[in-house]
Amino acid sequence: MMPASFDIAYALDGFFAAFFVLFSVGIVVARQMRGALFLFVLHALALTASAIVLAIALDSPHLGWVALITFSTKAIAVPLVLRWAAGRKLHERREVDHVLTITFSLLIAAVLALIAWVTIEPLVQAIPGRPFAAINLPTGLIAIFFGAFTVTVRREAMVQLMGLLVMESGAFFASISIVNDLSVIAEISAAVDVPIAAMVIGLLIRNINRVAGSTRVGHMADLKEHN
Amino acid sequence: MLVLILVIPAVVALLTLASRRLAPWLTLAGMLIGLGLAIVNALRVAHGGIIHGAYGTLSLDPLGALYLLVVAFVGVTAALYGIGYLTARMAELTEDDPPPRYRQYFPLFNLFLLSIMAVPLASNLAVIWIAIELTTVFSAFLVAYDDGRQALEAAWKYVALTSMGAMIALLGVLILYYGINHQGQPITWQGLQQAAPHLPAAVLLIPFVLWLIGFGAKTGLVPLHTWLPDAHSQAPASVCAVLSGVEVSAALYMLLRIYPALVANPGIVNPEIWYLVAGLITVATSAFLLLQVHDYKRLFAYSTIEHMGIILAACGLGAGGHQLGTVYQLFAHAFTKSFCFYAAGLATLVFGTQKIAAVGGLLGRAPVVGWALLLGAIAIAGAPPFALFISEFEILRTGFAAGQYAATGVLTTLIVLAFVAIVYQAGRIVFGEPVVADGYQPPPLPKTSMVALAIAFVPVLVFGFYLPPPLMSLVHQAALILGGPT
Numbered sequence: 112m113m114p115a116s117f118d119i120a121y122a123l124d125g126f127f128a129a130f131f132v133l134f135s136v137g138i139v140v141a142r143q144m145r146g147a148l149f150l151f152v153l154h155a156l157a158l159t160a161s162a163i164v165l166a167i168a169l170d171s172p173h174l175g176w177v178a179l180i181t182f183s184t185k186a187i188a189v190p191l192v193l194r195w196a197a198g199r200k201l202h203e204r205r206e207v208d209h210v211l212t213i214t215f216s217l218l219i220a221a222v223l224a225l226i227a228w229v230t231i232e233p234l235v236q237a238i239p240g241r242p243f244a245a246i247n248l249p250t251g252l253i254a255i256f257f258g259a260f261t262v263t264v265r266r267e268a269m270v271q272l273m274g275l276l277v278m279e280s281g282a283f284f285a286s287i288s289i290v291n292d293l294s295v296i297a298e299i300s301a302a303v304d305v306p307i308a309a310m311v312i313g314l315l316i317r318n319i320n321r322v323a324g325s326t327r328v329g330h331m332a333d334l335k336e337h338n
Numbered sequence: 009m010l011v012l013i014l015v016i017p018a019v020v021a022l023l024t025l026a027s028r029r030l031a032p033w034l035t036l037a038g039m040l041i042g043l044g045l046a047i048v049n050a051l052r053v054a055h056g057g058i059i060h061g062a063y064g065t066l067s068l069d070p071l072g073a074l075y076l077l078v079v080a081f082v083g084v085t086a087a088l089y090g091i092g093y094l095t096a097r098m099a100e101l102t103e104d105d106p107p108p109r110y111r112q113y114f115p116l117f118n119l120f121l122l123s124i125m126a127v128p129l130a131s132n133l134a135v136i137w138i139a140i141e142l143t144t145v146f147s148a149f150l151v152a153y154d155d156g157r158q159a160l161e162a163a164w165k166y167v168a169l170t171s172m173g174a175m176i177a178l179l180g181v182l183i184l185y186y187g188i189n190h191q192g193q194p195i196t197w198q199g200l201q202q203a204a205p206h207l208p209a210a211v212l213l214i215p216f217v218l219w220l221i222g223f224g225a226k227t228g229l230v231p232l233h234t235w236l237p238d239a240h241s242q243a244p245a246s247v248c249a250v251l252s253g254v255e256v257s258a259a260l261y262m263l264l265r266i267y268p269a270l271v272a273n274p275g276i277v278n279p280e281i282w283y284l285v286a287g288l289i290t291v292a293t294s295a296f297l298l299l300q301v302h303d304y305k306r307l308f309a310y311s312t313i314e315h316m317g318i319i320l321a322a323c324g325l326g327a328g329g330h331q332l333g334t335v336y337q338l339f340a341h342a343f344t345k346s347f348c349f350y351a352a353g354l355a356t357l358v359f360g361t362q363k364i365a366a367v368g369g370l371l372g373r374a375p376v377v378g379w380a381l382l383l384g385a386i387a388i389a390g391a392p393p394f395a396l397f398i399s400e401f402e403i404l405r406t407g408f409a410a411g412q413y414a415a416t417g418v419l420t421t422l423i424v425l426a427f428v429a430i431v432y433q434a435g436r437i438v439f440g441e442p443v444v445a446d447g448y449q450p451p452p453l454p455k456t457s458m459v460a461l462a463i464a465f466v467p468v469l470v471f472g473f474y475l476p477p478p479l480m481s482l483v484h485q486a487a488l489i490l491g492g493p494t
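Going down the list, the protein sequences come from chains F and D.
For the first sequence, position 102 matches number 213 in our numbering, and the numbering has no gaps at all.
For the second sequence, position 275 matches number 283 in our numbering, and the numbering has no gaps at all.
Shown next, in the form of C-alpha cells:
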C-alpha cells in the first residue's frame, strides 16, 4: 500500500474507532431501551467499517469475511433477536434503571478508558509491524471495559445483554488489527456462536419477563445467603 | 473415532426431541456409549500419547483424556440419576408451581455435555473458547429448570457473570492466536508451548490476566463466584453434579494449561504468584462462607469454590513439583462432588427443603441417603481414605518440601477450616432426631437415582487407595504436560 493510502486508511480507522467508543459510552448511559438498541446497531456498523478498512489496507480477504460476518450477525441478526426478546418492552418510554447517576457513570467510564489504555500499552509496544494495533487494541479493550460496566450498573436485562455483546465486539475490534487470518472453522464457529448465544439469552429474558412481569433484573434479589 | 464422542450426544439431543417417553433412556444410552469411547481413547492415549481426529481439528493428549474420562463418567451417572429424580420432583409439585422444563431438559443436557466434552477434544484454542461459551448457553435453561422466579434469577446471574467472563477471555484467546501464529506454530496447546519461549512477555502475560479474570468467573474464583451458589441452589441435583463436577473445571482446565507456557517464557517472572494469590483468596473466602451457609446445596457449591481455589493455589506451590497433586485434585473433585450433589438431591426429596436449620436426623429417616451425604461430605472435605485426601496431601507435601512454609501453612489452615465447616454442617443434617415437616409427604426414593448414587461412590472410595495402572499412567503423563515430574 502506498504511504498516502495508508495514511488515509489509518485516519479512517481512527475515525471509526472514535465512533465505536462513543457508541459504547452511549449504551452505558442510554435512558431508554430503544435508544440503546439503535446505538448497538451503530456500534456494530463501526466495527464492520473498521474491518473493511483493515481488509483493504492489509489486503486481507479474511478480514473481508470478518466484516461480512459482523455485518450480517451483529448489525442485522442480533438486533432482530434483541427486538424479539424485548417484545413490547422495547417501546416503553420509561427510564432504564441505573445503579449510578449518568454523570458518575461517565466519570467512571473515563477512568476505565484510561486504565484500558495503560493496560494494553505494553502489548502495543511488543508487536511491531501491526500499525493498526495502536488504534484497535486500546479501543477494543475500552469497549470490553464499557460492556462489563454496562452489565454491572444497568439493572435491565436487555441492556445487560447489549453490554455482553459490546464486550464481544470489543474483543473482535481489538483482534482484527493483529489476527487477520483466523482459521475458517473459527470464523464459522464465531459467526454461529454469537446469534445462538443472543437467542438463548434473549429467550431467558422473555421468560424473566413472563414470570416476573418485567425485564428489570435489578429487582430480582430473592436469592441471598440468609433466605 | 474422536469425532464420534461429539456426534453421539448431538444425535441423541435430536432424538430426545422426538420422544418424551424414551428421552431419559436415550440420553443414558448415549452417555454410556460416550463413556465407552472415552475409555477406549484414554487407553490409546495412555499407551501411545496424543491422538488426532477429524483432519486435525480434534486431538486428545493425556490431560485432555483424563478430563474427558471424568466428564463422560459424570455424564453417565447424572443421566441415570436424572431418570427417577426428575420424575420424583414432578410428583412433589403442587397446582401453584409452574411446570418444570422436563421436555427441554434432555436435549439441553446432551448439548451441555457435548460442549463440555469439546473442551478437551478441540485442537484450536478459539474453538475451545467457543465450546466453553456454549456450556453456558446450553445450561442456562437447565439451571432455570423449575421455571420459577428464583430459578430464573439464578440462571440470569449465571449467564450474565460467566458470559461477561467469557468475553474478557476472548480477547486473551485472540491475542494468543496472534502470538502463536506469528511464531509459525499451529493454534493448539502444543503450538502455544512451542511458541511460548519466543514470545514477548506482554503477548503471553496480558492474555493470561484476561483469562484469569474471564475464565476465573466461570471457575468461581472470588470475587466473581457469586453466581455459583445461586445456580446450584436452584438447578436440579443432576445438573449441579455436572456444573460443579466438570463444567467449572472446564474453565480451570484453561488456566492450568496456560501455566507451562508462562513458565517457559523467560520474560515472565514468578508466574506462580498469580495462581497462589488468586487461589488463596478463593479458598479463604469459601472456607469462611462454608461456616455460615444455610442451604446444603449451597454448602457443596461453596465447597466447589474452595476446591477450585486449592487447585489454583497448588499451581503456585511446590516450585515445579505440584502437578501430580493438581491433576489428581481436578480428577478426584469431579466424581466426589457429583456424588455429593446426588446425595443432596435425594435429601431434598426426603425433607422437601434445602434449609439446614429445618432438617435433621437424615440417618434415621433415610439411612442410605444419610450415609451417602455424610460420607460425601467427609470425602469432599479431604479426609482419608478418599481420593481427595491423596491429592490434598500431595499438594501440601510438595509445598512444604519446596520450602514454601508460609503459603503452604496458610493453605493447610484454610483446608482444615473448610473441613471442620463441611463436617459440622453435614452433622447437623444427618444426626439428631428425624425432622418431619408439617404436611410434607416425601416421595419414594427413585431406584435409578439410588443406583447412580452407588455407582458414583465407587471411584470416590476406590481411587483413594487404588488406581488402575493405565489410569495411573495417564495421571503421571497429564502431570508431565503441566511440567511435573514423571
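Each residue gets a CB set at the ideal place from its N, CA and C atoms; glycine is no exception.
Where residue i falls, given that 16 or more other Cβ within 10 Å makes a residue buried
i                 : result
His60 of chain D  : exposed
Leu490 of chain D : buried
Ala122 of chain F : exposed
Ile398 of chain D : buried
Phe412 of chain D : Going by the sequence as given, residue 412 of chain D is Gln instead of Phe. The residue is buried, with at least 16 neighbouring Cβ atoms inside 10 Å.
Ser116 of chain F : exposed
Asp170 of chain F : exposed
Thr494 of chain D : With a pLDDT of 41 at Thr494 of chain D, under the threshold of 50, the predicted position of this residue should be treated as unreliable, though the coordinate-derived value follows. The residue is exposed, with fewer than 16 neighbouring Cβ atoms inside 10 Å.
Tyr185 of chain D : buried
Ala26 of chain D  : exposed
Tyr448 of chain D : exposed
Ile13 of chain D  : buried
Ile16 of chain D  : buried
Ala160 of chain F : buried
Close Cβ partners of residue i (< 6 Å) along its chain, the five nearest in sequence each way excluded
i                 : result
Ala486 of chain D : Pro70, Leu71, Leu74 and Val335
His341 of chain D : His315
Lys185 of chain F : Ala155
Ile393 of chain F : Here chain F covers residues 112 to 338 and nothing more, so residue 393 of chain F does not appear.
Gly313 of chain F : Val192 and Ala196
Bounding residues of the beta strand (DSSP E) (the contiguous stretch that carries residue i)
i                 : result
Gly61 of chain D  : Ile59 to Gly61
Leu498 of chain D : Residue coverage of chain D in this structure runs from 9 to 494, which leaves residue 498 of chain D outside it and unanswerable.
N- and C-terminal bounds of the alpha helix (DSSP H) containing residue i
i                 : result
Leu169 of chain F : From DSSP, Leu169 of chain F is part of no alpha helix (DSSP H); its letter is neither H nor E.
Ser286 of chain F : Ala268 to Ser286
Met175 of chain D : Arg157 to His190
Asp104 of chain D : That residue, Asp104 of chain D, is in no alpha helix (DSSP H); it is neither H nor E in DSSP.
Gln337 of chain D : Gln331 to Phe359
His315 of chain D : Tyr304 to Cys323
Val151 of chain D : Leu133 to Val151
Thr184 of chain F : First-last for Thr184 of chain F: undefined, no H or E at that position.
Cut-off 8 Å between Cβ atoms - residues of its own chain near residue i, not counting five sequence neighbours on either side
i                 : result
Ile226 of chain F : Phe256
Ile91 of chain D  : Pro32, Trp33, Leu36, Pro454, Thr456 and Ser457
Cross-chain neighbours of residue i in chain D, by beta carbon under 9 Å
i                 : result
Ala323 of chain F : Arg157, Leu160 and Glu161
Ala268 of chain F : Trp164 and Ala168
Contact set between residue i and chain F, taken where Cβ atoms lie within less than 7 Å
i                 : result
Met172 of chain D : Ala259, Val262, Leu275 and Met278
Val145 of chain D : Ile307, Ala308 and Val311
Listed by chain order, chain F residues near residue i by CB distance under 9 Å
i                 : result
Val211 of chain D : Leu234, Ala237 and Ile238
Met316 of chain D : Simply none; closest approach about 19 Å.
Pro208 of chain D : Pro233, Leu234, Gln236, Ala237 and Ile238
Within chain D, the residues that residue i reaches when beta carbons sit closer than 7 Å
i                 : result
Val210 of chain F : Correct list: empty, because the minimum Cβ distance to chain D is about 14 Å.
Gly328 of chain F : It is worth fixing the name first, because residue 328 of chain F is Val in this sequence and not Gly. Within 7 Å Cβ-Cβ: Trp164.
Ile319 of chain F : Leu160 and Trp164
Cross-chain neighbours of residue i in chain F, by beta carbon under 8 Å
i                 : result
Trp197 of chain D : Per Cβ cutoff of 8 Å: no residues; Trp197 of chain D is ~15 Å from chain F at best.
Proximal chain D residues relative to residue i, where beta-carbon distance stays under 8 Å
i                 : result
Leu252 of chain F : Leu179
Ile271 of chain F : Going by the sequence as given, residue 271 of chain F is Gln instead of Ile. Within 8 Å Cβ-Cβ: Ala168.
Close beta carbons around residue i, own chain, < 7 Å, minus the five adjacent residues each side
i                 : result
Ala188 of chain F : Pro306
Ala139 of chain D : Ser123, Ala126, Val127 and Ala130
Ala365 of chain D : His302
Residues from the segment 277-291 of chain F in contact with chain D, defined by Cβ distance under 7 Å: Met278, Glu279, Ala282, Ala285, Ser286, Ile289 and Val290
Could you name the residues of the segment 131-142 of chain D whose beta carbon sits closer than 8 Å to any beta carbon of chain F, in the order they occur along the chain? Asn132, Ala134, Val135, Ile138, Glu141 and Leu142
When you check each C-beta in the segment 257-270 of chain D against every C-beta of chain F, which residues fall closer than 8 Å? none
Near-chain F residues of the segment 228-243 of chain D - C-beta to any C-beta below 9 Å: Pro237, Asp238, Ser241 and Gln242
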